[in-house]
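Below: one structure, written as structure tokens.
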Amino acid sequence: MTKNLILSVFILISSLIIAQNDVKIEFISETNVTLNDLRINKDTTLEEIKNILGEPEIYKEYLTGKVNYHYADNGITLQTVDGKLLLLGFNYNWDGDKTFPESTFKGELIIEEISFDKDSNQKKLEEIKNTEFIEVIPGFIISKPKTDKKNIFIALGFKNDKVTQIGFEFH
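In terms of the numbering used here, the sequence shown opens at residue 7 and continues consecutively.
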């Protein structure tokens, strides 16, 4: 019985580690984002995300029902409101923003077929043809929605000509 318990725990831990390391996020359009094979939007639940990424740690809880979560080992942040997805973000070069864990995201992040990594700079946005971006303040860029629906925004941070964070905000 002890051997079965140890084997079960080992399999569970292994599956969580593998699940967290094989993360692919893809922004296809302002109404279509996938996390691995799951299409995500504002109605995606925390449980659905946990099935892919595993159990997060709670970073901060608010009285409004908003909760910030970290996947500290994987450079991923997650925000929910009343259990529904609000933000899924990825850290590359930590700039001190404590809403993101300090670790670097090592999965695959694609915006309209353009891959990003920790060496990506702001010029990389010029390769994206179907999404328009607005620089709100130097180093902080958001996508400009093509429709009034404003379904999914992309927010990108840059510092010292390197991407710091990329987040997808769901409305």
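All C-beta atoms in this analysis are idealised placements derived from N, C-alpha and C, irrespective of residue type, glycine included.
Asked	Found
Take Ile-147 as the anchor and find which of Ile-46, Gly-163, Asp-167 and Thr-137 has the nearest alpha-carbon.	Gly-163
Where does Lys-135 sit, in a helix, a strand or coil, going by DSSP?	coil
With a CB to CB cut of under 7 Å and the five nearest residues on each side skipped, what residues in its chain are close to Gly-145?	Gly-163, Phe-164 and Lys-165
Between the alpha carbons of Glu-54 and Leu-44, how many angstroms are there, rounded?	8 Å
Is DSSP giving Lys-48 helix, strand or coil here?	coil
Secondary structure at Glu-175, three-state DSSP: helix, strand or coil?	strand
Nearest by alpha-carbon distance to Asn-97: which of Leu-115, Thr-86 and Gly-89 is it?	Leu-115
Using the C-alpha atoms, what's the distance from Val-142 back to Gly-95?	18 Å
DSSP three-state call for Asn-157: helix, strand or coil?	coil
Please tell me whether Asn-47 and Lys-30 are closer than 9 Å, where the distance is taken between their beta carbons.	no
For Glu-32, write down the residues that DSSP places opposite it in a beta bridge.	Thr-40 and Ile-116
Based on Cα-Cα distance, which residue from Ile-140, Glu-132, Lys-135 and Asp-123 lies nearest to Gln-171?	Asp-123
Can you tell me whether DSSP reads Leu-69 as helix, strand or coil?	coil
In or out: Ile-19 buried (at least 16 other Cβ within 10 Å) or exposed?	Here Ile-19 scores only 46 on pLDDT, less than 50, and its place in the model is too uncertain to base an answer on.
Per DSSP, what kind of secondary structure is Glu-54 in: helix, strand or coil?	helix
Rounding to the nearest angstrom, what Cα-Cα distance links Leu-91 and Gly-71 in this structure?	12 Å
Keeping to the same chain, check which residues put their C-beta closer than 8 Å to that of Glu-133; ignore five residues upstream and five downstream.	Ile-120
Of the residues Asn-99, Ile-64 and Pro-107, which one's Cα is nearest the Cα of Gly-81?	Pro-107
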